[in-house]
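Chemist: Residue numbers (my numbering), protein chains in the order written: chain A, 56 to 278; chain B, 56 to 278. The C-beta atom is built at its ideal place from N, Cα and C for all residues, glycine as well. Given the structure is predicted, the values throughout are model-derived calculations rather than measurements.
Number of protein chains: 2
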Amino acid sequence: MENTELHPTKARILETAARLFFEQGFHATGVSTILREAGVNSGSLYHYFPGKDELLVGVLEHYIRIMRPILMEPVEAVVEDPIGRVFKLLERYREGLVAFDFRLGCPIGNLALEVADDHAEARRLINQNFSNWIDAVRDWLAAAGDRLPARVDRRQLASFILTTMEGGIMQSRAARSLDPFDASVAQLRAYFDALQAEAAGSQTTSPSHSCSPSDSAAPTRGR
Amino acid sequence: MENTELHPTKARILETAARLFFEQGFHATGVSTILREAGVNSGSLYHYFPGKDELLVGVLEHYIRIMRPILMEPVEAVVEDPIGRVFKLLERYREGLVAFDFRLGCPIGNLALEVADDHAEARRLINQNFSNWIDAVRDWLAAAGDRLPARVDRRQLASFILTTMEGGIMQSRAARSLDPFDASVAQLRAYFDALQAEAAGSQTTSPSHSCSPSDSAAPTRGR
DNA sequence: AAGTAGATTGAACGATCAATCAACTTTCGC
DNA sequence: GCGAAAGTTGATTGATCGTTCAATCTACTT
């Protein structure tokens, strides 16, 4: 895309700021820390960004650019089944929780609750990130066709999956345990099983291939 | 409780800090702002609290104290039906979103993502708040008895309800619209309908009284 | 009435915050 | 190879950060 025409210094600032905002939050991250870790002088940063707020905007735009290539596409490459993709995506976030010892979750979710109130532009971009995430999952659900009841709004359901992810991550980070996240995903899976069972009951086409729902590995109960 | 033996100045500091941390977040709230709005001098604050971090701990303990009386008990007073209580509680959060123009959601959820990583004590108390919330809802679900399938873990389901609330609020705040929250609650309601239908199908006792699920007012679709 | 511990005052501290800017170097069109 | 634009340097700014503390006031004990 336009990544080729992105100045290396600006890219380094952006990536460093994105990481630090993710790790520590926006207000807790000092500009001096960004400068040190990016190996850049203050003048350079303010050459590319009018201020810290605009840097946040740049970071959020950065997240919009990288979401599909580093999140959706890898999932699509590994899993073919539309509904399987949904739970594969959730599994990715689960792995992230473990890999970073419950210190990191979803970068957008963090910023959403911290900076959404002020700064209209930041809120708009956070909402854009959410919307893109939902639309990608909505496309997967649409591809599931009549495996889900026709009455179910696909985008509503996709939004509910994002809800499950964000809410589950929030609790698991506080508990420093996978239990809440796994519990939420297990309930979501049970909901999907019910939806698929309902769709299988009132079906018009494709008489064979009546798949048994919930074939993937369900997360272990208890601790 | 011990509220009677709480010094008025300390109480005022606590309430002001709780409100400001809720409205602006922990890092974004300066001590000077707390002092000004509480009408207190710095020395008084540091007489009661060793530092800003311990003030946060005090605020989280404050939330633990007030959760049941200002959240659960009013719901229990208005709604008798155990499952109805669950959705009445969610409706409360919904009303809060509207009342504060999507600027405020759940105070614990905000702090969970902002300060949970550092400060072990704060994380512990955030987790305690979540746990108390879940346990209260779990008791409601337990009271629902065989209206829910026996196979469903009540506490897991309660955790999933908290997930729905937090995730829905996060999205609605970013979107400044009730749609994501309503969508999430609608999906949760559909899940509950499926669970109740399943429980009604394989029932041992109480032959009559087969209630039709989802009798309460479902949130309106669209805007 | 004297003594004392607790509560309150508010000026001041050093550290850090985001941001500035004039001087300097590099890159690039022509 | 020249001039201009773009990029970089880093010391420095004023504001604000969380915190301190000696002095003063208040309420209760003896």
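So B:R209 packs on B:A197, CB below 8 Å; how close in whole Å?
Modeler: To locate residue 209 of chain B, count along the second sequence from 1; it is residue 154. To locate residue 197 of chain B, count along the second sequence from 1; it is residue 142. In this structure B:R209 is in contact with B:A197, their Cβ atoms being roughly 5 Å apart against a cut-off of 8 Å.
Chemist: Does the structure place the region 126-144 of chain A close enough to the region 94-108 of chain A that three or more beta carbon pairs sit under 8 Å?
Modeler: no
Chemist: Closer than 8 Å is the cut-off here; do at least three beta carbon pairs connect the region 209-221 of chain B with the region 176-193 of chain B?
Modeler: yes
Chemist: For A:G222 and B:F157, what's the separation of their Cα atoms in angstroms?
Modeler: Counted from its first residue, the first sequence places residue 222 of chain A at position 167. Counted from its first residue, the second sequence places residue 157 of chain B at position 102. Using only the alpha carbons, I get a separation of about 18 Å.
Chemist: Taking C-beta pairs closer than 9 Å, name the residues in chain A that B:D172 reaches, listed in chain order.
Modeler: Taking the second sequence and counting its residues from 1, the one referred to as residue 172 of chain B is at position 117. Neighbours of B:D172 on chain A, chain order: E78, Q79, G80, F157, R158, L159 and R228.
Chemist: Using 10 angstroms around the beta-carbon of A:I121, count the other beta-carbons present and answer buried if the total reaches 16, otherwise exposed.
Modeler: Mapped onto the first sequence, residue 121 of chain A falls at position 66. When all chains shown are included, A:I121 counts as exposed.
Chemist: Let me make sure I understand the geometry here. Which of B:D172, B:T219 and B:R91 has the alpha-carbon closest to that of A:F155?
Modeler: Against the first sequence, residue 155 of chain A aligns to sequence position 100. It is B:D172.
Chemist: List the endpoints of the continuous alpha helix (DSSP H) containing B:F236.
Modeler: By 1-based counting over the second sequence, the position of residue 236 of chain B is 181. Here the alpha helix (DSSP H) through B:F236 covers D234 to G256.
Chemist: Would you mind reading off the limits of the alpha helix (DSSP H) that contains A:E78?
Modeler: Locating residue 78 of chain A in the first sequence gives position 23, counting from the first residue. Taken as a continuous stretch (DSSP letters only), the alpha helix (DSSP H) holding A:E78 covers P63 to Q79.
Chemist: Alpha carbon to alpha carbon, what distance is there between A:G256 and B:A66?
Modeler: As a first step, residue 66 of chain B must be located in the second sequence, where it is residue number 11. As a first step, residue 256 of chain A must be located in the first sequence, where it is residue number 201. Approximately 59 Å between the Cα atoms of the pair.
Chemist: Starting from A:N187, find everything on chain B with Cβ-Cβ shorter than 9 Å and list it in chain order.
Modeler: As a position in the first sequence, residue 187 of chain A is number 132, starting the count at 1. None at all; the shortest Cβ gap to chain B is about 12 Å.
Chemist: Answer yes or no: does any C-beta atom of chain B fall closer than 9 Å to that of A:R178?
Modeler: The count along the first sequence starts at 1 and reaches residue 178 of chain A at position 123. Answer yes: the Cβ-Cβ gap between A:R178 and chain B drops below 9 Å somewhere.
Chemist: Who are the near neighbours of A:L250 in its chain, counting only those whose CB is closer than 7 Å to its CB and skipping five residues on each side?
Modeler: Here residue 250 of chain A is taken as the residue at index 195 of the first sequence, counted from 1. Excluding residues within five positions, the ones whose Cβ falls inside 7 Å are L203, P204 and V207.
Chemist: How would you write the range of the alpha helix (DSSP H) that B:M127 sits in, first residue to last?
Modeler: Here residue 127 of chain B is taken as the residue at index 72 of the second sequence, counted from 1. Here B:M127 belongs to no alpha helix (DSSP H), and DSSP marks it neither H nor E.
Chemist: Using a cut-off of 9 Å between C-beta atoms, extract the partners of B:G142 located in chain A.
Modeler: Within the second sequence, the letter at position 87 stands for residue 142 of chain B. The question names Gly, yet the displayed sequence has Phe at residue 142 of chain B. Within chain A, no residue comes near B:F142; the closest Cβ sits about 15 Å away, beyond 9 Å.
Chemist: Of all Cβ atoms in chain B, is any one closer than 9 Å to the Cβ of A:D208?
Modeler: By 1-based counting over the first sequence, the position of residue 208 of chain A is 153. Chain B, which has a Cβ nearer than 9 Å to the Cβ of A:D208, makes this yes.
Chemist: Where do the N-terminal and C-terminal ends of the alpha helix (DSSP H) with B:N96 fall, by residue?
Modeler: For this step, residue 96 of chain B is matched to residue 41 along the second sequence. Segment: none, B:N96 is in no alpha helix (DSSP H) and carries neither H nor E.
Chemist: To the nearest angstrom, report how far apart A:T88 and A:L111 are at their CA atoms.
Modeler: Numbered from 1 along the first sequence, position 33 holds the residue referred to as residue 88 of chain A. Numbered from 1 along the first sequence, position 56 holds the residue referred to as residue 111 of chain A. Roughly 15 Å separates the two Cα atoms.
Chemist: Going by CA-CA distance only, name the one from A:L144, A:Y103, A:P137 and A:I163 that's closest to A:H62.
Modeler: Within the first sequence, the letter at position 7 stands for residue 62 of chain A. The residue with the shortest Cα to Cα distance from A:H62 is A:Y103.
Chemist: Going by Cα to Cα distance, which pick from A:A199, A:Q79 and A:G80 is closest to A:A254?
Modeler: In the first sequence, the residue the question calls residue 254 of chain A occupies position 199. Here the closest residue by C-alpha is A:A199.
Chemist: Between the beta-carbon of A:G139 and the beta-carbon of B:M225, is there less than 9 Å?
Modeler: As a working note, residue 139 of chain A is residue 84 in the first sequence. As a working note, residue 225 of chain B is residue 170 in the second sequence. Against a cut-off of 9 Å, the Cβ pair of B:M225 and A:G139 comes out as no contact.
Chemist: Rounded to whole angstroms, what's the CA-CA distance from B:Y101 to B:G85? Just pull it up for me.
Modeler: Taking the first residue of the second sequence as 1, we reach residue 101 of chain B at position 46. Taking the first residue of the second sequence as 1, we reach residue 85 of chain B at position 30. Cα to Cα, the separation comes out at about 14 Å.
Chemist: With a 10 Å radius around its C-beta and 16 neighbouring C-beta atoms as the bar for buried, classify A:T71 as buried or exposed.
Modeler: Locating residue 71 of chain A in the first sequence gives position 16, where the first residue counts as 1. A:T71 should be labelled buried.
Chemist: Just to confirm my understanding: we take B:N184, look at its own chain, exclude 5 residues before and 5 after, and list those with CB closer than 8 Å. What are they?
Modeler: By one-based count along the second sequence, residue 184 of chain B stands at place 129. In the same chain as B:N184, and ignoring 5 residues on each side of it, the C-beta atoms closer than 8 Å to its own belong to L115, Y118, I119, M122 and I163, in chain order.
Chemist: Among the candidates A:C161, A:D136 and A:P137, whose CA atom is the shortest distance from the CA of A:R147?
Modeler: Here residue 147 of chain A corresponds to residue number 92 of the first sequence, with the count starting at 1. Ranked by how close their Cα comes to the Cα of A:R147, the residues A:C161, A:D136 and A:P137 have A:C161 in first place.
Chemist: Pull up the distance between the alpha-carbon of B:A93 and that of B:P105, whole angstroms please.
Modeler: Here residue 93 of chain B refers to the residue found at position 38 when the second sequence is read from its first residue. Here residue 105 of chain B refers to the residue found at position 50 when the second sequence is read from its first residue. Using only the alpha carbons, I get a separation of about 17 Å.
Chemist: What does B:A167 touch in chain A if you count any residue whose Cβ is under 9 Å from its own?
Modeler: Here the question's residue 167 of chain B lines up with position 112 in the second sequence. The contacting residues are L168, M225, Q226, R228 and A229.
Chemist: Given a cut-off of 9 Å on the beta-carbon distance, is the pair B:L152 and B:T219 in contact?
Modeler: Translated into positions along the second sequence, residue 152 of chain B becomes position 97. Translated into positions along the second sequence, residue 219 of chain B becomes position 164. No.
Chemist: Helix, strand or coil for B:T88? Go by DSSP, reduced to three states.
Modeler: Position 33 of the second sequence, counted from the first residue, corresponds to residue 88 of chain B. In this structure, B:T88 counts as helix in the three-state DSSP scheme.
Chemist: My output table needs one value for B:R158: the three-state DSSP class, helix, strand or coil.
Modeler: Your numbering for residue 158 of chain B matches position 103 in the second sequence. Three-state DSSP puts B:R158 in coil, outside helix and strand.
Chemist: For B:D108, report the span of its alpha helix (DSSP H) as first-last.
Modeler: Taking the first residue of the second sequence as 1, we reach residue 108 of chain B at position 53. K107 to M122 is the span of the alpha helix (DSSP H), which, as asked, contains B:D108.
Chemist: When DSSP labels each residue in this structure, what does A:R210 get in the three-state scheme?
Modeler: Along the first sequence, one-based indexing puts residue 210 of chain A at 155. Three-state DSSP puts A:R210 in a helix.
Chemist: Which same chain residues end up closer than 6 Å to A:V170 when comparing Cβ atoms and leaving out the 5 residues on each side of it in sequence?
Modeler: Numbered from 1 along the first sequence, position 115 holds the residue referred to as residue 170 of chain A. Same-chain partners within the cutoff: F81 and A177.
Chemist: Along the alpha helix (DSSP H) that carries A:E39, what are the first and last residues, could you check?
Modeler: This structure gives no information on residue 39 of chain A, because the portion of chain A shown stretches from 56 to 278.
Chemist: Spatial neighbours of B:V141 within its chain, please: CB distance less than 7 Å, with the 5 preceding and 5 following residues excluded, ordered by chain position.
Modeler: Counting from 1 along the second sequence, the entry for residue 141 of chain B is found at position 86. Answer for B:V141: V192, W195 and I216, listed in chain order.
Chemist: Under 9 Å between C-beta atoms, does A:P235 make it to chain B?
Modeler: Within the first sequence, the letter at position 180 stands for residue 235 of chain A. Yes, contact with chain B.
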